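K.L.:
Per my numbering, the very first residue in the sequence shown carries number 23; after that it's consecutive.
The beta carbon of each residue, even a glycine, is placed where N, CA and C say it ideally should be.
These numbers come from a predicted model, not from an experiment.
The structure that follows is given in the form of structure tokens.
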Amino acid sequence: MKAEIDKDMRVITTAISGSGEKGYLDRFSKFAETKGKKVKIYNPGEMLFEHAARRGVRMPRDKVLKTNPHTLDERRSTVFERILSDVEKPANRGSSFIINMHGSFYWNFSYEPGIDFHYLNEFDPDLYVNFLNDVDTVENNLKDRKQWNFLFSPERTKNYGRNKILDWQSVEVLLTRLLAQRDPKRWAQSDPQKFFVIPTKATETMLYRFMFEPWRKVFYVGMPLTLFHDPKFAGARKRIDELIKWTEYWITVTDPRYVEPLDTKLLTQVDPAMYHSVVKRDLYWLIPQCDGMIAYFPDASEAPYSAGEDIEFKEVSDTCGETLLIYPSGKSLSPFLFVWGDKILRSDKQFKREFLSYLGKKYVNRVRQLYKK
Numbered sequence: 023m024k025a026e027i028d029k030d031m032r033v034i035t036t037a038i039s040g041s042g043e044k045g046y047l048d049r050f051s052k053f054a055e056t057k058g059k060k061v062k063i064y065n066p067g068e069m070l071f072e073h074a075a076r077r078g079v080r081m082p083r084d085k086v087l088k089t090n091p092h093t094l095d096e097r098r099s100t101v102f103e104r105i106l107s108d109v110e111k112p113a114n115r116g117s118s119f120i121i122n123m124h125g126s127f128y129w130n131f132s133y134e135p136g137i138d139f140h141y142l143n144e145f146d147p148d149l150y151v152n153f154l155n156d157v158d159t160v161e162n163n164l165k166d167r168k169q170w171n172f173l174f175s176p177e178r179t180k181n182y183g184r185n186k187i188l189d190w191q192s193v194e195v196l197l198t199r200l201l202a203q204r205d206p207k208r209w210a211q212s213d214p215q216k217f218f219v220i221p222t223k224a225t226e227t228m229l230y231r232f233m234f235e236p237w238r239k240v241f242y243v244g245m246p247l248t249l250f251h252d253p254k255f256a257g258a259r260k261r262i263d264e265l266i267k268w269t270e271y272w273i274t275v276t277d278p279r280y281v282e283p284l285d286t287k288l289l290t291q292v293d294p295a296m297y298h299s300v301v302k303r304d305l306y307w308l309i310p311q312c313d314g315m316i317a318y319f320p321d322a323s324e325a326p327y328s329a330g331e332d333i334e335f336k337e338v339s340d341t342c343g344e345t346l347l348i349y350p351s352g353k354s355l356s357p358f359l360f361v362w363g364d365k366i367l368r369s370d371k372q373f374k375r376e377f378l379s380y381l382g383k384k385y386v387n388r389v390r391q392l393y394k395k
């Protein structure tokens with residue numbers, strides 16, 4: 023999706039229940055409107071309940087997945103027929119369209135499909151996005167919904183519900199990636215990236231840029247995240263915040279902090295499910311969608327050393343991504359970081375100067391022109 027485009031977009035977005043994707047899309051649509059982009063968002067799940075209500079069919083939210091699968095498929099087909107009909111209306115010319123759906127459901131101890139390939143092919147998406155939220159937030163949201171009580175009942179083992187959420191997120195990401203990979207249009211493009219993972223706590227500009235400014239560089243930002251929450255590291259966190267804010271002006275930033283658990287104990291106490299999830303999320307979901315990594319290594323007085331950041335940096339280097347290392351001035355540098363790093367920057371000021379040089383005058387001028395409009 024790196025080709026230059028000026029066209030209307032058709033996007034499939036997925037997420038597991040409780041991810042907050044509708045709130046993100048609401049923010050996104052308002053932001054897109056300020057940029058002169060018309061975006062119509064369809065939520066087939068909500069439309070399914072509206073259709074049932076119009077027909078006088080009993081379909082309570084907490085029992086919808088008890089519906090006979092064939093009956094549910096038929097009702098879902100009616101909803102998608104309405105969506106596709108609306109997309110083709112002359113009044114909607116010039117709009118972009120998003121169908122926001124669940125790729126799968128976890129119900130009665132098994133995963134059920136939420137995808138109809140016939141209508142997916144008819145919609146002919148340009149882009150596939152999976153929305154991801156931290157497990158704490160998803161768990162809290164699901165606990166407020168009656169249909170998910172079975173995940174958190176007292177007879178369940180400790181962390182059963184949370185671990186099932188992590189499983190479900192993994193299945194949803196996998197399904198969405200496979201949808202993008204099977205799409206024939208993927209192979210007709212010089213750069214076949216059609217799938218992205220977006221944290222729902224990220225800024226709405228992330229989806230906007232993937233849709234309407236795909237020429238922007240995408241970088242993962244690395245830092246000593248797991249042990250960075252102590253109040254004594256507030257200064258280093260502020261410095262990183264300021265650096266990322268500056269960087270986001272120029273590029274699309276993938277920031278893993280948007281999907282970190284709210285409860286820091288989940289990262290400081292060994293938990294196999296949580297630990298595996300963090301590694302898989304960063305190394306195999308977030309990093310592959312990026313052109314490179316900006317690795318921030320604070321001074322020892324600012325924050326502790328992070329083995330995870332080293333591994334992420336090596337992963338980007340080994341997969342031929344750009345690796346930019348911000349490393350304290352005067353501090354001795356590991357030979358490994360030297361070999362893995364394309365550029366070693368010894369201060370924030372040097373990083374900014376070298377980063378703009380890396381982007382190039384044509385790119386920098388294009389960004390500046392956007393903000394003049």
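Compute the distance between the beta-carbons of Gly40 and Val160, then report whether it is under 9 Å.
P.N.:
Locating residue 40 in the sequence shown gives position 18, counting from the first residue. Locating residue 160 in the sequence shown gives position 138, counting from the first residue. Their beta carbons are under 9 Å apart, which means Gly40 touches Val160 by this criterion.
K.L.:
If you check the beta carbons only, do Glu144 and Leu106 fall under 9 Å apart?
P.N.:
Within the sequence shown, the letter at position 122 stands for residue 144. Within the sequence shown, the letter at position 84 stands for residue 106. A contact, by the Cβ cut-off of 9 Å.
K.L.:
Where does Cys342 land, buried or exposed, given buried means 16+ other C-beta within 10 angstroms?
P.N.:
As a working mapping, residue 342 is identified with position 320 in the sequence shown. Cys342 comes out exposed.
K.L.:
With 16 as the cutoff for other CB atoms within 10 Å, does His92 come out buried or exposed?
P.N.:
As a working mapping, residue 92 is identified with position 70 in the sequence shown. Result: exposed.
K.L.:
Can you give the Cα-Cα distance for Arg279 and Asp252, rounded to whole angstroms?
P.N.:
Counting from 1 along the sequence shown, the entry for residue 279 is found at position 257. Counting from 1 along the sequence shown, the entry for residue 252 is found at position 230. Their Cα atoms are separated by approximately 14 Å.
K.L.:
So, with DSSP's three-state summary, where would you put Val275?
P.N.:
Here the question's residue 275 lines up with position 253 in the sequence shown. Three-state DSSP puts Val275 in a strand.
K.L.:
Name the two residues that bound the continuous alpha helix (DSSP H) containing Asn185.
P.N.:
Along the sequence shown, read from residue 1 onward, the residue named residue 185 stands at position 163. Residue range 182 to 204 is occupied by the alpha helix (DSSP H) that includes Asn185.
K.L.:
Can you tell me which of Lys260, Glu103, Asn90, Tyr64 puts its alpha carbon nearest to the alpha carbon of His124?
P.N.:
Here residue 124 corresponds to residue number 102 of the sequence shown, with the count starting at 1. Checking every option, the nearest Cα to that of His124 belongs to Tyr64.
K.L.:
Within a Cβ cutoff of 7 Å, which residues of the same chain sit near Asp30, ignoring the five residues on either side of it in sequence?
P.N.:
To locate residue 30, count along the sequence shown from 1; it is residue 8. By the criterion of a C-beta distance shorter than 7 Å, Asp30 is surrounded in its chain by Gly116, Ser117, Ser118, once the five residues flanking it on both sides are discounted.
K.L.:
Taking Asp84 as the reference, give the member of Trp129, Val361, Trp272, Pro112 with the closest Cα.
P.N.:
The residue labelled residue 84 in the question sits at position 62 within the sequence shown. With distances taken between Cα atoms, Asp84 lies closest to Trp129.
K.L.:
Which class does Asn114 belong to by DSSP, given the choice of helix, strand or coil?
P.N.:
Locating residue 114 in the sequence shown gives position 92, counting from the first residue. Residue state, collapsed to three classes: helix.
K.L.:
Secondary structure at Ala37, three-state DSSP: helix, strand or coil?
P.N.:
If you number the sequence shown from 1, residue 37 lands on position 15. Correct three-state label for Ala37: coil.
K.L.:
Ile38: buried (16+ other C-beta within 10 angstroms of its C-beta) or exposed?
P.N.:
As a working note, residue 38 is residue 16 in the sequence shown. Buried, by the Cβ-count rule.
K.L.:
Do Arg184 and Val157 have their beta-carbon atoms positioned less than 9 Å apart in this structure?
P.N.:
In the sequence shown, counting from the first residue as 1, residue 157 sits at position 135. In the sequence shown, counting from the first residue as 1, residue 184 sits at position 162. It is a contact, given that the beta carbons lie within the stated cut-off.
K.L.:
Please state whether DSSP places Ala74 in a helix, a strand or coil.
P.N.:
By one-based count along the sequence shown, residue 74 stands at place 52. Helix, per DSSP.
K.L.:
In three-state DSSP terms, what is Trp237?
P.N.:
Taking the sequence shown and counting its residues from 1, the one referred to as residue 237 is at position 215. Note: Trp237 maps to coil in three-state DSSP.
K.L.:
When we look at the beta-carbon of Phe241 and count the other beta-carbons within 10 Å, is it buried (16 or more) or exposed?
P.N.:
Locating residue 241 in the sequence shown gives position 219, counting from the first residue. So Phe241 counts as buried.
K.L.:
Under 7 Å Cβ to Cβ from Trp362, same chain only, skipping five residues before and after it: list those, please.
P.N.:
As a position in the sequence shown, residue 362 is number 340, starting the count at 1. Only Phe335, Lys336, Ser339, Thr345 meet the Cβ criterion.
K.L.:
Can you give, in chain order, each stretch of the beta strand (DSSP E) that sits fully within the stretch 312 to 362 and has at least 3 residues?
P.N.:
314 to 318, 344 to 348
K.L.:
Can you find a CB in chain C that lies within less than 9 Å of the CB of Val275?
P.N.:
Among the chains of the structure shown, chain C does not appear; only one protein chain is present.
K.L.:
Just to confirm, are Trp272 and Phe377 a CB contact at a threshold of 9 Å?
P.N.:
Position 250 of the sequence shown, counting from 1, holds the residue named residue 272. Position 355 of the sequence shown, counting from 1, holds the residue named residue 377. Taking 9 Å as the Cβ cut-off, Trp272 and Phe377 qualify as a contacting pair.
K.L.:
So for Glu177, helix, strand or coil by DSSP?
P.N.:
Translated into positions along the sequence shown, residue 177 becomes position 155. Residue state, collapsed to three classes: coil.
K.L.:
Tell me the DSSP bridge mates of Val61?
P.N.:
Taking the sequence shown and counting its residues from 1, one reaches residue 61 at position 39. Note: Val61 sits in a beta bridge opposite Ser118.
K.L.:
Give the straight-line distance between the Cα atoms of Val101 and Phe127, rounded to the nearest whole angstrom.
P.N.:
Sequence index remark: in the sequence shown, residue 101 carries index 79 (1-based). Sequence index remark: in the sequence shown, residue 127 carries index 105 (1-based). Spanning the two alpha carbons is a distance of roughly 18 Å.
K.L.:
Name the two residues that bound the continuous beta strand (DSSP E) containing Phe53.
P.N.:
Against the sequence shown, residue 53 aligns to sequence position 31. Not the beta strand (DSSP E): Phe53 falls in the alpha helix (DSSP H), residues 43 to 56.
K.L.:
When the Cα of Lys60 is compared with those of Glu68, Gly67, Ser51, which residue comes out closest?
P.N.:
Translated into positions along the sequence shown, residue 60 becomes position 38. Per the C-alpha coordinates, the member of Glu68, Gly67, Ser51 positioned closest to Lys60 is Ser51.
K.L.:
Is DSSP giving Glu282 helix, strand or coil here?
P.N.:
The residue labelled residue 282 in the question sits at position 260 within the sequence shown. Note: Glu282 maps to coil in three-state DSSP.
K.L.:
Taking the alpha-carbon positions, what's the Thr225 to Asp313 distance?
P.N.:
Counting from 1 along the sequence shown, the entry for residue 225 is found at position 203. Counting from 1 along the sequence shown, the entry for residue 313 is found at position 291. Each residue's alpha carbon lies about 19 Å from the other.
K.L.:
Report the CB separation of Thr35 from Ile120 in whole angstroms; it is logged as a contact under 8 Å.
P.N.:
The residue labelled residue 35 in the question sits at position 13 within the sequence shown. The residue labelled residue 120 in the question sits at position 98 within the sequence shown. Confirmed, Cβ separation roughly 6 Å.
K.L.:
What are the boundary residues of the alpha helix (DSSP H) that Tyr133 is part of?
P.N.:
Translated into the one-based positions of the sequence shown, residue 133 becomes position 111. That residue, Tyr133, is in no alpha helix (DSSP H); its beta strand (DSSP E) goes 132 to 135.
K.L.:
Cβ atoms of Arg231 and Val432: under 9 Å apart, would you say?
P.N.:
With the chain covering 23 to 395 only, the question about residue 432 has no answer from this structure.
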